[in-house]
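Colleague: Take this structure, written in structure tokens, and hold onto it; I'll ask about it next.
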Amino acid sequence: MVMALLDRIVSDWFAENRRDLPWRESDPWGVYVSEIMLQQTPVSRVLPAWHQWRQRWPTPSALADDSVGEAIRAWGRLGYPRRAKRLHESAVIMRDRFGGEVPADEAALRELPGVGEYTAAAVAAFAYGRDSIVVDINVRRFLVRIKTGRDPALTYSAAERALAKDVVEALDVPSPLWAAASMEFGALVCTSRNPACAVCPLATMCDWVPGERITRTQEYEGTDRQARGAVLEVLRSGPADTFDWHDQDQLERALAGLLSDGLIVRTDRWSLPQ
DNA sequence: GATCCGTGGTC
DNA sequence: TGACCAAGGAT
């Protein structure tokens, strides 16, 4: 791996092509909210929601003092609404155990619900300038393509983790800067479907060939998830007794699942939790 | 490791 | 037009 070329991504490409994303100029709480929202959700859809949340709940304590139901409602149609509930739970933990602040240590971050390896590393780096190894799908795709000429497999391997660590440590670049640059590069140039190889500064050192990718295409039409989404969409407007759904068994599974996940409650009617 | 968890844009 | 995909995490 030619470090001089990789370094060029930061010094040249990122300097020129860096997007002005608002959470890059925000405080740790703004960074935290953005990282949760960005889990499996594109930047373009996160932007408006992030601004609304920032205005409505400018601190962890502000969100913690509001109800989880309001968080779920304000989540809107971002998808994976369990993230909203876990974000609220995280805010309560920050208020009660971390003095109302977002923790800075990866280990502490990992204890928060909805924070895994990637998110803990990202918040530590982007909110606090820590030297963490930040590896998302963009970084994986970019590094694995350079290294092997093929696309990454479904699962994040120990070899990839080691590779990412080696690269960060070999580069003479602050970890947070490399994290932002490598993620951005994967998102804008070394993309999944139609990578911009023609303008790629690493083309000379890359043997990637488009091949059969191992993709896991998830069904949605006809699944319980679709039913869950329909139920929540109704309840965001207010409590309800019944739901218009074609498959009664599936509707009951959806309601039971949402109830079990704490995303809805049953009193005299179905509603979002208080 | 496999499966589940939403939603909407794109080519 | 319908797969494919998007700054993952929990079980």
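Counting in my numbering, the first sequence runs from 8 upward without gaps.
Built from N, CA and C at the ideal position, the CB exists for glycine as well.
Note that this is a predicted model, so its numbers are computed, not measured.
1. Have a look at Asp251 and Ala234 and give me their C-alpha separation to the nearest angstrom.
2. Indicate whether Gly264 and Asp231 have their beta-carbon atoms separated by less than 8 angstroms.
3. On the DSSP bridge assignment, give the partners of Ser278 in chain order.
4. I think Pro55 touches Arg93, with their Cβ atoms under 8 angstroms apart; what is that distance to the nearest whole Å?
5. Would you tell me roughly how many angstroms separate the C-alpha atoms of Ala127 and Gly37, rounded to the nearest one?
6. Does the beta-carbon of Leu85 have 16 or more other beta-carbons within 10 angstroms, so that it is buried, or is it exposed?
7. Nearest to Ile79 by alpha carbon, out of Ala91, Val146, Ala71?
8. Under a three-way DSSP split, which group does Ala247 fall into?
9. Any chance the stretch 233 to 249 sits against the stretch 58 to 67, with 3 or more Cβ pairs inside 8 angstroms?
10. For Ser199, collect the residues of the same chain with a Cβ closer than 7 angstroms to its Cβ; drop the 5 residues on either side in sequence, then sort them by chain order.
11. Whose C-alpha, out of Gly193, Leu279, Ser33, is nearest the C-alpha of Asn24?
12. Leaving out five residues before and five after Ser33 in sequence, what residues of the same chain have Cβ atoms less than 8 angstroms from its Cβ?
13. Note down the Cα distance separating Ser331 from Ser18, rounded to an integer number of angstroms.
14. Take Arg117 and list the residues in its own chain whose beta-carbon comes closer than 6 angstroms to its own, dropping the five residues that flank it on each side.
15. Do you know whose CA, among Phe21, Gly83, Met101, Glu176, lies nearest Val141's CA?
16. Looking only at its own chain, which residues have a Cβ that is under 6 angstroms from the Cβ of Ala129, when we skip the five neighbours before and after it?
17. For Leu195 versus Leu170, is the C-beta spacing smaller than 8 angstroms?
18. Taking DSSP as the reference, what is the three-state secondary structure of Arg200?
19. If you check the beta carbons only, do Pro246 and Ile16 fall under 8 angstroms apart?
20. Please report the straight-line C-alpha distance between Pro317 and Val146, rounded to a whole angstrom.
21. Leaving out the 5 sequence neighbours to the left and right, which residues in its chain are closer than 8 angstroms to Thr48 when beta-carbon positions are compared?
22. If we ignore side chains and look at the alpha-carbon of each, how far apart do Ala69 and Trp215 end up?
23. In this structure, how does DSSP classify Ala234 when only helix, strand and coil are distinguished?
24. Under 8 angstroms by Cβ, that's how I've got Asp14 and Val180 pegged, so tell me the actual separation to the nearest angstrom.
Modeller: Reading from the atomic positions:
1. For the purposes of this step, residue 251 is taken as residue 244 along the first sequence, with counting starting at 1. For the purposes of this step, residue 234 is taken as residue 227 along the first sequence, with counting starting at 1. When rounded, the distance between both Cα atoms is 10 angstroms.
2. Within the first sequence, the letter at position 257 stands for residue 264. Within the first sequence, the letter at position 224 stands for residue 231. Yes, they are a contact pair.
3. Stepping through the first sequence from its first residue, residue 278 is reached at position 271. Paired residue(s): Val272.
4. In the first sequence, residue 55 corresponds to position 48, counting from 1. In the first sequence, residue 93 corresponds to position 86, counting from 1. Contact doesn't hold; Cβ gap of about 21 angstroms is too wide.
5. Locating residue 127 in the first sequence gives position 120, counting from the first residue. Locating residue 37 in the first sequence gives position 30, counting from the first residue. Straight-line Cα distance between these residues: approximately 14 angstroms.
6. Residue 85 sits at position 78 when you count from the first residue of the first sequence. Buried, since its Cβ has 16 or more Cβ neighbours within 10 Å.
7. Residue numbering aside, residue 79 sits at position 72 when the first sequence is read from its first letter. Comparing Cα-Cα distances from Ile79 to each of Ala91, Val146, Ala71, the minimum goes to Ala91.
8. Against the first sequence, residue 247 aligns to sequence position 240. In this structure, Ala247 counts as strand in the three-state DSSP scheme.
9. Output reads no: the stretch 58 to 67 does not touch the stretch 233 to 249.
10. As a working note, residue 199 is residue 192 in the first sequence. Cβ contact annotation for Ser199 (same chain, cutoff 7 angstroms, sequence separation greater than five): Arg148, in chain order.
11. Locating residue 24 in the first sequence gives position 17, counting from the first residue. Ranking Gly193, Leu279, Ser33 by Cα distance to Asn24 puts Gly193 first.
12. The count along the first sequence starts at 1 and reaches residue 33 at position 26. The beta carbon of Ser33 lies closer than 8 angstroms to those of Ser41, Arg61 in the same chain, with the five residues before and after it left out.
13. There is simply no residue 331 to check, as the chain begins at 8 and stops at 281 in what is shown.
14. The residue you call residue 117 lines up with position 110 of the first sequence. Cβ within range, chain order: Ala127.
15. For this step, residue 141 is matched to residue 134 along the first sequence. For the set Phe21, Gly83, Met101, Glu176, the Cα lying nearest the Cα of Val141 is the one of Glu176.
16. Here residue 129 refers to the residue found at position 122 when the first sequence is read from its first residue. Contacts found: Glu42, Val141.
17. Indexing the first sequence from 1 puts residue 195 at position 188. Indexing the first sequence from 1 puts residue 170 at position 163. No, these two residues do not count as a Cβ contact at 8 angstroms.
18. Counting from one through the first sequence, the residue named residue 200 turns up at place 193. Three-state result, Arg200: coil.
19. Numbered from its first residue, the first sequence carries residue 246 at position 239. Numbered from its first residue, the first sequence carries residue 16 at position 9. No. Outside cutoff.
20. What is shown of the chain runs 8 to 281, which leaves residue 317 out entirely.
21. Taking the first sequence and counting its residues from 1, one reaches residue 48 at position 41. The beta carbon of Thr48 sits closer than 8 angstroms to the beta carbons of Leu85, Gly86, Tyr87 from its chain, once the five residues preceding and following it are set aside; these are given in chain order.
22. On the first sequence, residue 69 is found 62 positions in, with the first residue counted as 1. On the first sequence, residue 215 is found 208 positions in, with the first residue counted as 1. Taking the straight line joining both Cα atoms gives about 48 angstroms.
23. For the purposes of this step, residue 234 is taken as the residue at position 227 of the first sequence. Residue state for Ala234 is assigned as helix, using DSSP reduced to three classes.
24. What you label residue 14 is simply residue 7 of the first sequence in a count that begins at 1. What you label residue 180 is simply residue 173 of the first sequence in a count that begins at 1. With a Cβ gap of about 7 angstroms, Asp14 and Val180 count as contacting.
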